[in-house]
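A short worksheet on the structure shown next.
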Amino acid sequence: MKFIQTSIARKLTVMIVGVLLLAVGISTGGSLQRELSGYSEARKTELTGIARVLANSIAVPMATKNRGEAQSVLTTISTMPDIMFVRVRGEDGRPFAEMGSAIIMPDQNFTVEEDAGILLLLRSRSMSAEVPIVKAGVQLGTLTVYRDVNAARLLLIKILQEATITLLLTTFAGIFAAWLIQKQVSTPVRTLAETMGRVRETGNFDVLAERVSQDEVGDLADAFNNMLVNIRERDDKLAAYRRNLEKTVQKRTLQFRKARDEAVSANAAKSEFLATMSHEIRTPMNGIMVMAELLSSADLAARYKRYANVIVNSGQSLLSIINDILDLSKIEAGKMDLETIAWNPMRKLGDVINLFEEKATSNGLEITAYVAPDVPDMVMGDPVRLNQIVSNLVSNAIKFTHEGHVAIEVTTEPDTNDMLRFSIIDTGIGIPEDKLDKVFESFSQADQSTTREYGGTGLGLSICQKLVRLMGGEIGVTSEQGKGSCFWFTIKAEAADSESALPYLDGITVQVAMRGKAVQANLVRTLQDYGATVLTEEADASAVSHLDYLIADAGVIQNLPDNVLPQGRICLAAIGDHAPEQLVQQQKAHDLLFQPILPDDIITLADRMANKSLLGLKALEGSNTNMPTYTTFSGKRILVADDSAVNREVIIEAMNCLCTEVETVANGEEAVARFREEKFDLVFMDCSMPVMDGYEATRQIRAYENEIAAIATPVIALTAQMAGATTDAWKEAGMDAFLTKPFTLEGISSMMAQYIEGDAEPQKMARTDEDIPPSKTAAPLPSSHGQAQIKAQTQGMLNPEVLAELKQMGDISGRDMVARALTIFNENAPTALRKVADSMNAGDVRELARAAHALKSMSYNIGAQALGDACGRIEERAAAGEQADLQTMQVLTDSFQATVHETTARLTG
C-alpha cells in the first residue's frame, strides 16, 4: 500500500478546518430546518383562515346560485398581495366562480392538508388551502385558495447567505488556529526532521537538534540529541577498536604466518625425515635380513643357527614397528590417500587366507573365510588398505589364539546399500571387559604383560581404527575372557557394475566329512546358502548311497567301495599330499577341492556341482590346463637398450624363456654402437635414457641402415606409457611398434612374432605345483634361499599378475626371477628416488622428468603400479615445464615406502 507524504501542518489545518466546518454545517442546517418549518406552518395556518372566511362569505350567493354576488365576494382577494387565485366548485365539482390572474399548474401545487416540508416548499411555486362551503349544515361546494411562496424562498436565501458568511468566518478562524498550533508543534517537529535528514545524508553526528519548546516535542529533540551523542561515542569506540584490531590482526597474521611457515617447514622436514629414515633404515636392514636368512639356512651348529634366527625374527619385528609408525604418522598428518577401484571381496579374503594359512596351521589353528551370498561380486574402494586392516586383525587373532580357529566373515549391513561388515572371530584368550575401551588406543594393549608375552607396539589396532574411519565406517570388538573375541568393522563399499549369478544347488544333497570342524562348518554354511541340503554324519557305504555329492578327506573316500554311490566324489587335497591325486587317477574321486578352502574355490566347485560337470582327470592338470602357448625364437639375436637394471634383468629373463640370444646396453649411444658392430634380428629400445634417448638412437640406426642400404631391423619401443606428446613420438623416430611396461611373456612373444619368424612348434610354459592363479592371489614367490611363500608382511602394492609372470619366467629358466627383480629394485630404487628429489630441489624440470621416468619404468616392471603412476604424474608435469607440488611428492614418497615395505617383506619372507 502506497502512502502519500503530507506535512503535519497541512494535516493539522485540514483537521481543524474540517471539524469547524462540520460543526457550523450541523448548526446552520438545524437552524434552517427550524426557520423554514416555522415559516411554513404559519403561512399554512394563515392561508387556511383566509379560505374559511371567503367560504362563509360566499355561502349565501352559492345557495341562491347568484354568481355575480359570488364573484363580487371573491374580489376581496385583491387586497391580499400573496393570494394568487381563488376557485369555487359546486357539489358536482364544476367551477362556480374564480378570481385571480395566475395560471395554476396542478402538479406544482400542494394543499395545506399535505406535509409541506422544506424541500417541497422550495420546489413548488405556490401553496393552496381547500375548505368546504357550508350553509345551514349543508355542504354546497368547496373553495380553494392559492398563495405565492416566493417569500419563503427569499427567506431561505437570506438564511443561506448568513450561513455562508458564518462558514467563511469559521474557515478563517480554523486556519488561523491551525497556524498557531503549527507554530507551537509542527514547526519544531519539522525542524527536528530536517536535522535528522541532514544527519542521515551527511553522516555527521556532531549536528544537534535545537530545543524550541518545553513540551513533548522538546523532549523528542533531547532524546534525538542523546541518541546522536551515544552513536558518536560508539563510533569513536569502534574506530579505536578497529585501529587496535588492525594492529592486532597484523600482529596475529604475522604470528600465524610464521607459525604456518614453521609448521609447513616442520611437516616437510618430518616427511623428508620419514622418507630418509625409511630409506636409510630399510636399505641396510634389507642386507642384514637377507644375509641373516642365508646364514640361518647354512650348515651351522645349532647354537649359531639359533643366533641367526633371532636376528631374522628381530629384524622382521623391527620392520613391522617401523611400518606401523610410518603409517600412523601419515594418517595423523592427513597424508593417507585412499584409492577407489573395483575389487572382489571373495578374492580379497582368499588372499588373506593364503597369506596366513601357513602360520595358522603351524599354530594348530583352522582359518576360514565366509562371504554372505548378498555381498556384491565387485565393490568400489581401496583393497590395499582393506587388506591392511583385515591382515592386522587376523594376525592379532592368530597371535592370541592357542587352539581352535580364526574365522573371517563378510556380510552386508542391514538397511544399507553400500556398507559391508567384516568380522574376525577367534577362540583365543579374549579381552577383559574393563580393557575393551582401550584396545584401539595408540601404544596400548590389554595390559603390559601382553606386550611382553606376545610382542607388538599396540599401534596395529589404532591404525585399523583410523583407516576404517577414513573409509567411512566404524570398528568395534566384543570379547569374553578365555572364550575368544570378535573384532568387527564396517566400510563404505558401493557395488560395482559386475554382478555374477550364484550357483543354484536346490534339490542337491551333499555330505561333508572332514577333520577340521570350523572349516567344515564354513563349507556347510556356504553350500546351504546356495540351496544345497548338506549332511555331516559319518560317511560310510550305507550313508552315502542316497547322496548327489560327497566332499570328504582322502581317507574317507579311499574306504568306500567303487560300486557305492555317489558318483560325485570330491576329495579334499592339500599341497604336497599325493593321495587325492591318486584317487582321481583311480577314478575313486571325481574332483579336487584344495586346502586352504577359499571362498572363490567353493563357489567354483558349487558351479561345477550345479552343472554336473566335475573335472575328473582334468583336475590333475591344475593351472597348466589354461596355460598359454608362446612362440619361441631359437637362435635369434636381440638387442635390448634400457637404463634400468630391473628392466634389463626382466627382459633378459624373458628372452631366455623365448630361446633367444640377448645383449643389453644402458643407453642409446651404446645401442647405436653395438648395432653398427653386429647384426641383430630385433631391437627393444627404451624411449627415455641418459646420454642418448631411444628416439635419437632409433633415428641414428635408421640413418645407418640407409647408409649401408640394409633392410630395416624391427625396433620396438619400451615405454611405461604412451600418452600426450609421446603418443606418436615413436612413429616419428622410426620405431615399428611399442611395448608397454610391465613386460609379460605373452606380450613380448606376440610382439616379436609380428616381426621375426618363430619356431615351428610353439612351447607351452609350465608352472610348478605351487602356482596360484593370479586372479585369486599373488603367486607364491621363492625367497632368496628357496621356495618360500609370501608372509603376512605383504601389503598389496605389487600386482600379483606381474609377479606371477616374473615367477613363470624364473620357473622356465631355473632362476629365482622374482627375488632377483625385487633385489635389483631395492638396490636401485632408493638412488632413483634420490635423483627425483635432487632434481626437484635444483629446479631442473628436464632432469626431473628423466629421473621420474627411470623410477617409473623399474616400478612397472615389478608390478608396483601405484609407485609407477605417481612417477608418471611427476614426469608429465615436468615434461610440461612444471615442478611437482608437495602433495604429489608426498604421494610418491608414500607409494615408495609401501612398495619397498612389500618388496622387503617378500624377500625376507
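Using the numbering used here, you'd call the opening residue of the sequence shown number 529 and step up by one each time. Think of the CB as a built atom: it goes at the ideal place given N, C-alpha and C, for glycine as much as any other residue.
Is the Cβ-Cβ distance between residue i and residue j less than 7 Å?
i	j	result
V1441	T694	Look at the range of the chain in this structure, 529 to 1437, and you will see that residue 1441 is not part of it.
V1084	A1060	no
T1226	M1183	no
A1117	R1097	yes
E894	A1046	yes
E1022	M908	yes
V922	V880	yes
I513	V1190	For the chain, the structure presents residues 529 to 1437; residue 513 sits outside this window and is missing.
L582	R675	no
L1133	L1120	no
L1506	C1185	This structure cannot settle anything about residue 1506, because the visible part of the chain is limited to 529 through 1437.
N1195	N1389	no
A579	K663	no
V677	A657	no
L866	L987	no
L1376	F1424	no
I1284	L1350	no
A749	L782	no
P1089	L1078	no
I586	V601	yes
I544	A691	no
V1346	K1335	yes
D965	A925	no
L1100	Q1123	yes
G1400	K1384	yes
Y495	A1261	Residue 495 is absent from the structure shown; the chain starts at 529 and stops at 1437.
A1380	I1402	yes
T1431	N1356	no
Can you say whether residue i is buried or exposed, counting buried as having 16 or more other CB atoms within 10 angstroms of its CB?
i	result
P960	exposed
A644	Confidence is the limiting factor: at A644 the pLDDT is only 48, short of 50, which leaves the residue's position unreliable, though a coordinate-based value still follows. Buried, by the Cβ-count rule.
K876	buried
E774	exposed
T603	exposed
L766	exposed
G1338	buried
D1366	exposed
N772	exposed
G621	exposed
V1373	buried
H1074	exposed
P609	exposed
A570	exposed
G546	exposed
Q1048	buried
V757	exposed
R1378	buried
Y1058	buried
Could you give the C-beta distance for residue i and residue j, rounded to a whole number, given that I count them as a contact under 8 Å?
i	j	result
V996	I917	6 Å
M1417	M1386	About 18 Å separates the two Cβ atoms, so there is no contact after all.
V903	V938	5 Å
G523	E619	No answer is possible for residue 523: the residues shown for the chain start at 529 and end at 1437.
P623	V614	Between V614 and P623 the Cβ distance is about 11 Å, and since that is not below 8 Å, they are no contact.
A1199	L1167	7 Å
I991	M1137	Contact flag wrong, Cβ pair sits at about 41 Å.
R1405	E1177	Actually they do not touch by this definition, with Cβ atoms about 29 Å apart.
Whole runs of the beta strand (DSSP E) within the region 1165-1239, excluding any shorter than 3 residues: 1165-1169, 1189-1193 and 1210-1214
Sufficient close CB pairs (3 or more, under 8 Å) joining the region 1000-1015 to the region 918-932: yes
Stretch-stretch touch, CB-based, cutoff 8 Å, three pairs: the region 1228-1247 with the region 1157-1166: no
Inter-stretch contact at 8 Å, needing at least 3 Cβ pairs: the region 1113-1132 / the region 1230-1245: no
Stretch pair the region 688-707 + the region 581-601: three plus CB contacts closer than 8 Å: no
The region 949-958 contacting the region 1015-1024, beta-carbon criterion three pairs below 8 Å: yes
Entirely enclosed beta strand (DSSP E) segments - the region 658-720, minimum 3 residues: 666-676
The region 1029-1037 in contact with the region 999-1009 per 3-pair CB rule at 8 Å: no
Sequence ranges, alpha helix (DSSP H) only - wholly within the region 891-919, length at least 4: none
In chain order, each alpha helix (DSSP H) run of at least 4 residues that lies wholly inside the region 1071-1132: 1082-1086 and 1107-1113
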